[in-house]
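Each residue of the sequence shown is one higher than the last, beginning at 1 in my numbering.
Contents: one structure, followed by commentary.
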Amino acid sequence: TFPGGGHGGVIRPGRPQRGSLALDGSGPRSDGTIRPFPTPLAAHAPPRRPGVPMETSLVLVKPDGVQRGLVGRVLSRFEDKGLSIAGLKLLVAPKATLEKHYAVHRERPFYGSLLQFMGSGPVVAIAVRGVNAVSVVRTLLGPTNGQEAPGGTIRGDFGMSRSFNLVHASDSTDNAAMELGLWFPEGTCDYQHDVLRWVYDDEA
Ligand code: CMP
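Right, here's the structure in full:
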């Protein structure tokens, strides 16, 4: 069978196939059987190499991004890239979650205002999955300061501020694991994302 082909499997030459159409336009043979149709397009998609390691990154659309109506466009950046959404929720972050999330910045002068800002409205937490997702997502976000971020990045296209910088993403796989545990304690969603065989070739 061919996954996702939609025609239900292999056509055996010479065997009557009711309800199937010959896509080569040749129609049924005179003996009532139909010709095996050419390989459907879907069968040309390369197989996904099993075992290619996937990473999952934790992304937050910050309160400024939510208030500015950028959630859909931020999500689209990841989907357009070929990454998978593995978790998605809107919430006003509890203070304890923000304290753990930003523990590394505890001694920084902006820590207090950062926590206040991040708790000032709902955020959208997204688990983003793909090969090398942690670094790929950071590249899509761009540098911290929107004024310095190049066009084509999320911050470069939508932001003008260092503190109101719209989005957060994990900066390492270790931090991703910690942050995913914090924002998605129930776990993320594991599913077969059928389009991936069109996103990656055999070498990933
Ligand atoms: P992010 O990379 O998600 O995590 C740390 C956040 O702190 C950063 O985004 C900015 O929003 C914020 N931040 C970093 N540096 C400064 C700064 N110098 N002043 C104010 N906020 C900052």
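In this text, a Cβ means the ideal position worked out from N, Cα and C, and glycines have one as well.
Predicted, not measured: the structure shown is a model, and the values here were computed from it.
When DSSP states are grouped into helix, strand and coil, residue 105 belongs to the helix group. A contact between stretches requires three or more CB pairs, one per stretch, nearer than 8 Å, and the stretch 150-159 fails this requirement with the stretch 89-100.
Relative to residue 157, the option among 73, 200, 31 and 132 whose CA is nearest is 73. In this structure, the CA atom of residue 90 is about 4 Å from the CA atom of residue 124.
At a threshold of 7 Å, residue 144 counts as near the ligand CMP, since its beta carbon sits closer than that to one of the ligand's heavy atoms. At the C-beta level, residue 134 and residue 188 stay beyond 8 Å of one another. Annotation for residue 129: the continuous beta strand (DSSP E) segment containing it runs 123-130. Distances from the CA of residue 88 to each of 175, 142, 184 and 196 were compared; the closest alpha carbon is that of 184.
In this structure, the C-beta of residue 114 approaches the ligand CMP to less than 7 Å from one of its heavy atoms. A contact between stretches requires three or more CB pairs, one per stretch, nearer than 8 Å, and the stretch 54-66 meets this requirement with the stretch 164-182. Residue environment analysis places residue 179 among the buried positions, since at least 16 neighbouring C-beta atoms fall within 10 angstroms of its C-beta. With fewer than 16 neighbouring CB atoms inside 10 Å of its own CB, residue 79 falls in the exposed class. Around the beta-carbon of residue 139, fewer than 16 other beta-carbon atoms lie within 10 Å, marking it exposed. The straight-line gap separating the alpha-carbon atoms of residue 131 and residue 170 is approximately 15 Å. In the DSSP assignment, residue 167 falls within the beta strand (DSSP E) that extends over 167-169. Burial of residue 176 is indicated by the presence of at least 16 other C-beta atoms within 10 angstroms of its C-beta. Counting C-beta atoms within 10 angstroms of its own C-beta, residue 127 has 16 or more neighbours from the protein chains shown and is therefore classed as buried. Secondary structure in the stretch 44-94: the alpha helix (DSSP H) runs of 4 residues or longer, each lying completely within the stretch, are 63-67 and 71-81 in chain order. Between residue 181 and residue 161 a beta carbon distance of about 29 Å is seen, past the 8 Å cut, so the two are scored as non-contacting. Comparing alpha carbon positions, the residue from 76, 86, 66 and 70 closest to residue 191 is 86.
Residue 101 and residue 117 have their C-alpha atoms some 14 Å from each other.
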